[in-house]
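For the sequence shown, the positions run -26 to -1, 1 to 143 when mature numbering (1 follows the signal peptide of the UniProt record, and there is no 0) is used.
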Amino acid sequence: MRIGRVVAGTMALAATIMATSESAAAGVTPRIGSDHTYSGRQNTPSVPLHKGIGVAQRQYRIAVYTGNKEDAGTDANVYITINGTRGFVKHKLDNSENNFERGKTDRFTLGLRDVGRIKSITIRHDNSGKKPGWYLNRVTINANAKFYCNRWLAKDEDDHRTWVKLQRA
């Protein structure tokens, strides 16, 4: 009797996984998941993070400090990749506020896959909007992981890149 229950449970789980895989192959993220991505290794592609399928979650409190220079703010979409000892997560930084304005600190609380001890971040924007250039001062995660930038992320400033990889201070 127990073997029958195990087999039935295993078949139900396999059907769920296959449905999820088929949705992913078709480019559709299943509703049970979220738009977060993760990977256990740097060289593997990211996959959708699904709640409740044995993935350890952690709350990240991210503060992004935009510099106080002329035209320092951006209306472009901003993305962060958090790299840790157990892999990485990527996420778009957005909320109901007018984010990334000159001299402003934007705060985000995100429930993401636990990446272990944070080693570095990559922060970027998609260069969209009228004046997409952005002067990033620094980023902190959970108050103890600090990443200093003090540079432009802009196609027409510094090295003309809209991204930067920052090591933990």
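The C-beta atom is built at its ideal place from N, Cα and C for all residues, glycine as well.
What you are looking at is a predicted structure, and each value in this text was computed from that prediction instead of being measured.
- Counting along the chain, Ser94 sits inside the beta strand (DSSP E) bounded by residues 92 to 99.
- Beta-bridge analysis with DSSP links Thr79 to Tyr39.
- For Arg87, the closest alpha carbon among the candidates Thr55, Cys123, Arg98 is that of Thr55.
- Closest option to Leu127, judged by alpha-carbon separation, among Val29, Gly47, Arg32, Ala30: Gly47.
- The alpha-carbon of Gly58 is positioned some 15 Å away from that of Ile97.
- With fewer than 16 other beta carbons inside 10 angstroms of its own, Thr83 counts as exposed.
- Using a Cβ distance threshold of 8 Å, Tyr39 and Asn116 do not count as a contacting pair.
- Apart from sequence neighbours up to five positions away, the residues of its chain that approach Ala143 with a beta-carbon distance below 6 Å are Lys120, Tyr122, ordered along the chain.
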